[in-house]
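S.K.: FYI, numbering that gives the first Met the number 0 numbers position 244 of the sequence shown as 243, with every residue one higher than the one before it.
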Amino acid sequence: MKWHVVALAALLVAGCGKPQEEVYQPTFSERGADEPKEYIVGIHPLHNPKHLIEVYGPIVDYLNTSIPQAHFRLEASRNYEEFEKRLYSGHFDFAMPNPYQTVRSLKFGYRVFGKMGDDEMFRGIILVRKDSNIRKVADLKGKKVSYPSLTALAATMMPQYYLHTHGINVHRDIENVYVGSQESSIMNVLRGHVAAGTTWPVPWKTFQQEYPEMAAQLEVKWQTETLPNNGWVVRNDVQPMLAKDFGNALVGLNKSQEGRAMLARLGISRFEHADNATYKPVQQYLKVFSETVREIEY
Numbered sequence: 000m001k002w003h004v005v006a007l008a009a010l011l012v013a014g015c016g017k018p019q020e021e022v023y024q025p026t027f028s029e030r031g032a033d034e035p036k037e038y039i040v041g042i043h044p045l046h047n048p049k050h051l052i053e054v055y056g057p058i059v060d061y062l063n064t065s066i067p068q069a070h071f072r073l074e075a076s077r078n079y080e081e082f083e084k085r086l087y088s089g090h091f092d093f094a095m096p097n098p099y100q101t102v103r104s105l106k107f108g109y110r111v112f113g114k115m116g117d118d119e120m121f122r123g124i125i126l127v128r129k130d131s132n133i134r135k136v137a138d139l140k141g142k143k144v145s146y147p148s149l150t151a152l153a154a155t156m157m158p159q160y161y162l163h164t165h166g167i168n169v170h171r172d173i174e175n176v177y178v179g180s181q182e183s184s185i186m187n188v189l190r191g192h193v194a195a196g197t198t199w200p201v202p203w204k205t206f207q208q209e210y211p212e213m214a215a216q217l218e219v220k221w222q223t224e225t226l227p228n229n230g231w232v233v234r235n236d237v238q239p240m241l242a243k244d245f246g247n248a249l250v251g252l253n254k255s256q257e258g259r260a261m262l263a264r265l266g267i268s269r270f271e272h273a274d275n276a277t278y279k280p281v282q283q284y285l286k287v288f289s290e291t292v293r294e295i296e297y
């Protein structure tokens with residue numbers, strides 16, 4: 000591997016729906032004084048760390064090949080809290096936060112330079128068991144609903160807003176359970192620990208591919224509207240030309256067969272150029288959410 004990994008995998012314990020931790024030890028290499036400067040790349044926990052490293056590691060390899068004047072090292076975080084602590088402290092040089100984290104990062108010394116494409120995929124989905132008695136939104140009253148994290152936009156906030164606009168008071172009518180990861184939210188539904196669980200299309204598609212028999216027991220009961228997809232941000236003190244090269248390399252991935260294969264593993268067709276203004280619709284959405292559902296910082 001050309002990239003070095005520091006990650007804690009959050010895998011699932013069959014039958015309980017809770018993450019099982021596996022430690023992925025860091026590897027180190029001797030770097031000479033004349034070697035390129037190293038830059039840390041962080042990806043928010045849209046998958047468990049092991050799977051995230053598997054699919055984004057080749058992207059970082061590609062960046063290192065395409066931009067030889069710099070060296071990029073990928074870091075995965077075991078949960079949203081850990082990722083956000085690193086992001087808001089300026090630990091990452093480059094990062095791909097979710098849109099909520101993207102908007103917040105602008106207050107902590109970052110700017111937007113790119114994003115995931117396929118905005119039609121950035122939506123929340125609400126899963127139930129096919130053999131459940133959940134037919135309409137009101138059937139969730141008095142029951143438990145699982146979410147990956149308080150700060151997951153597509154997988155938590157957007158489903159909560161959907162429930163709010165369909166007659167559910169998320170503070171009184173249901174019990175909200177924040178389970179730490181996308182996979183754990185799905186598994187909590189599968190194991191019957193909750194009546195419904197939320198996620199978004201990318202991890203749900205991955206789950207269907209990796210565990211088709213388990214996925215067949217679930218169905219997408221409701222889905223939300225869409226917002227701009229996950230952003231790419233760079234710390235303000237990183238040279239603008241390097242950020243431009245980084246963005247151009249990402250956008251150029253879909254021009255080769257190898258690049259398209261990498262993108263397919265991410266569940267998208269392309270990356271796109273973007274700037275801070277791209278996320279104004281997200282800022283407006285967060286304002287409405289904070290005023291009507293639950294107060295958040297944005």
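No residue lacks a Cβ here, since even glycine has one placed at the ideal position from N, Cα and C.
Roughly how many whole angstroms lie between the Cα atoms of V250 and V111?
M.R.: Cα-Cα distance, rounded: 14 Å.
S.K.: Taking R128 as the reference, which of L217, P280, K36 has the closest Cα?
M.R.: If we check each option's Cα against that of R128, L217 comes out closest.
S.K.: Along the chain, where does the alpha helix (DSSP H) that runs through Y87 open and close?
M.R.: That run of the alpha helix (DSSP H) goes 79-87.
S.K.: N229 and N78 look like a contact to me (Cβ under 8 Å); what is the Cβ gap, rounded to whole Å?
M.R.: The pair is not a contact, with the Cβ atoms about 17 Å apart (cut-off 8 Å).
S.K.: Excluding the 5 residues flanking N235 on each side, which residues of the same chain have their C-beta closer than 7 Å to its C-beta?
M.R.: Result list for N235: G108, Y109, R110, in chain order.
S.K.: Please list the terminal residues of the continuous alpha helix (DSSP H) segment that includes Y160.
M.R.: 157-164 is the extent of the alpha helix (DSSP H) around Y160.
S.K.: Using a Cβ-Cβ cutoff of less than 8 Å, which residues in the same chain neighbour L51 once the five nearest sequence positions on both sides are dropped?
M.R.: Result list for L51: A6, I42, P44, L45, A75, in chain order.
S.K.: With DSSP run on the structure shown, which of helix, strand or coil describes F91?
M.R.: Three-state result, F91: coil.
S.K.: A154: beta carbon under 7 Å from a heavy atom of the ligand SAM?
M.R.: Among the components modelled here there is no ligand, and therefore nothing to report on the ligand SAM.
S.K.: Have a look at F245 and K286 and give me their C-alpha separation to the nearest angstrom.
M.R.: Cα-Cα distance, rounded: 31 Å.
S.K.: Within this structure, are the beta carbons of V144 and V178 separated by less than 8 Å?
M.R.: No, Cβ-Cβ distance for V144 and V178 is not below 8 Å.
S.K.: Are A137 and T197 close, meaning C-beta to C-beta below 8 Å?
M.R.: No, these two residues do not count as a Cβ contact at 8 Å.
S.K.: Name the DSSP beta bridge partners of N175, please?
M.R.: DSSP, once it has assigned bridges, lists V144 as partnering N175.
S.K.: Are the CB atoms of R103 and Y297 within a distance shorter than 8 Å?
M.R.: Cβ distance < 8 Å, so Y297 and R103 count as in contact.
S.K.: Looking only at C-alpha atoms, which of Q68, L62, D60 sits nearest to P35?
M.R.: It is Q68 whose Cα lies nearest to the Cα of P35.
S.K.: According to DSSP, which residues form a beta bridge with G196?
M.R.: DSSP lists L126, S145 as partners of G196.
S.K.: Do the CB positions of L226 and F82 come within less than 8 Å of each other?
M.R.: No, they are not a contact pair.
S.K.: Alpha carbon to alpha carbon, how far is F93 from L149?
M.R.: Approximately 23 Å, taken between the alpha carbons.
S.K.: Could you have a look at A69 and say whether DSSP puts it in helix, strand or coil?
M.R.: Looking at A69 - three-state DSSP - the assignment turns out to be strand.
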